[in-house]
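Protein sequences appear in the order of chains E and U.
Residues in the first sequence are numbered consecutively from 1, following the working numbering.
Residues in the second sequence are numbered consecutively from 1001, following the working numbering.
Cβ coordinates follow ideal geometry from the N, Cα and C atoms, glycine included.
Here the structure is a predicted model, which is why all the values come from computation and not from measurement.
These notes are about the structure you will find just below.
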Amino acid sequence: GAGVSQSPRYKVAKRGQDVALRCDPISGHVSLFWYQQALGQGPEFLTYFQNEAQLDKSGLPSDRFFAERPEGSVSTLKIQRTQQEDSAVYLCASTQGASNQPQHFGDGTRLSIL
Amino acid sequence: QKEVEQDPGPLSVPEGAIVSLNCTYSNSAFQYFMWYRQYSRKGPELLMYTYSSGNKEDGRFTAQVDKSSKYISLFIRDSQPSDSATYLCAMMNQAGAGSYQLTFGKGTKLSVIP
C-alpha cells in the first residue's frame, strides 16, 4: 500500500486480556516505530526497529508490552494482561532509511480496556 | 517540567488570518525539529522538517527555529477551514548508536472559522 497500515482500527478488550496490534509499514521502509497517544496528549515513543532488530525499547512502560518484527517488515505490538491505563491510541510510523529521517504515521489502533 | 512545552489551546481564528503556533524546549540535545498536523481519528501528518536555526517556507507554512532561545514556531498564512486540526511540534535527539527518538508536544487544537 501507499501508506502505513494499522489493524485493527479499534479494539475493545476486558481488563486482563492479551491484545495484539499490527503494523504494515510503507514497503521497503527500514525503520519502524511504535508510539502511544493518550487522549489530549502528544504521541509518546515506545520502541524502534531497524529491519528486524529492536534497537531501542526504552519507552515500553512495563514488561507487559512486547514488540516484534521478525522478518523486517510487518510488526506486532503485544500487550499482556491489559490494564485500564493501557487505553490509548497506538501509532506506528516508518522511515525509508535511518531513524533521523521524517517519520510517516499510520492512523493508529484505538484500544479501549473495559 | 516536560522537555517540550506547547500550549494546548484551543485556538480559534477567522478564515484568512495568520496563525502562529509555538513550542519551547529544554533539551539542548534536540537536533531536528518538526511540525505535524493531526486530524481527528487520523495519524500525524508531517508538515515541516528542519535541522538548523532559521526559517523554512513551504507554501502557506513557515517554520522558524531559534536554538539559542530553545523556541520553535509555525506560521500559517491565509488560514482555511481545512486547516482546522491539532498541530504537534516534535523534536528529535540521538538516543543511542544509530537510534534517534522523537519527542512530541501536547498539540495545539486550531479551529479556523469560515
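Query, Result
"Comparing C-alpha positions only, which one of E/21, E/75, E/15, E/33 sits nearest to residue 46 of chain E?", "E/33"
"Note down the Cα distance separating residue 1060 of chain U from residue 1073 of chain U, rounded to an integer number of angstroms.", "14 Å"
"So what's residue 31 of chain E in DSSP terms, helix, strand or just coil?", "strand"
"So residue 102 of chain E contacts chain U; which residues on that side make the cut at Cβ distance below 8 Å?", "1034, 1046, 1049"
"Quick one: residues in its chain with C-beta nearer than 7 Å to the C-beta of residue 1021 of chain U, no 5 flanking neighbours on either side, listed in chain order?", "1073, 1074, 1087, 1108"
"Would you check if the distance between the CB atom of residue 1090 of chain U and the CB atom of residue 1034 of chain U is smaller than 7 Å?", "yes"
"Kindly say whether residue 55 of chain E, judged by its beta-carbon, lies nearer than 7 Å to any beta-carbon of chain A.", "Judged by its chain identifiers, the structure shown contains no chain A, and its protein chains are E and U."
"Note down, in chain order, all residues in the segment 70 to 83 of chain E with a beta-carbon under 8 Å from any beta-carbon belonging to chain U.", "none"
"With a threshold of 7 Å between beta carbons, is residue 1104 of chain U in contact with chain E?", "yes"
"Residues of the segment 1008 to 1024 of chain U with a CB closer than 8 Å to any CB of chain E: list them in chain order, please.", "1008"
"Is the shortest distance between the beta-carbon of residue 1059 of chain U and the beta-carbons of chain E less than 7 Å?", "no"
"Please confirm whether residue 1064 of chain U has its beta-carbon closer than 7 Å to some beta-carbon of chain E.", "no"
"Mind checking if residue 1088 of chain U is an interface residue toward chain E, Cβ cutoff 7 Å exclusive?", "yes"
"Could you check which residue in U/1092, U/1104, U/1112 has the C-alpha nearest to that of residue 1080 of chain U?", "U/1112"
"Please compile the residues from chain E whose C-beta is within a distance smaller than 8 Å of the C-beta of residue 1092 of chain U.", "100"
"For residue 1027 of chain U, count neighbouring C-beta atoms within 10 Å of its own C-beta (all shown protein chains included) and say buried if the count is 16 or more, exposed if not.", "exposed"
"Compare the beta carbon distance of residue 23 of chain E and residue 6 of chain E with 7 Å and say whether it is the shorter of the two.", "yes"
"Against chain U, with Cβ distances strictly below 7 Å, would residue 43 of chain E count as a contact?", "yes"
"For residue 84 of chain E, does the three-state DSSP call read helix, strand or coil?", "helix"
"Would residue 1025 of chain U and residue 1092 of chain U be called neighbours here (beta carbons separated by less than 7 Å)?", "no"
"Residue ranges of each alpha helix (DSSP H) run of no fewer than 4 residues wholly in the segment 1014 to 1072 of chain U, ordered along the chain?", "none"
"Please go through the same chain and pick out, in chain order, the residues whose beta-carbon is closer than 7 Å to the beta-carbon of residue 1085 of chain U, but skip the five residues on each side of it.", "1037, 1038, 1039, 1110"
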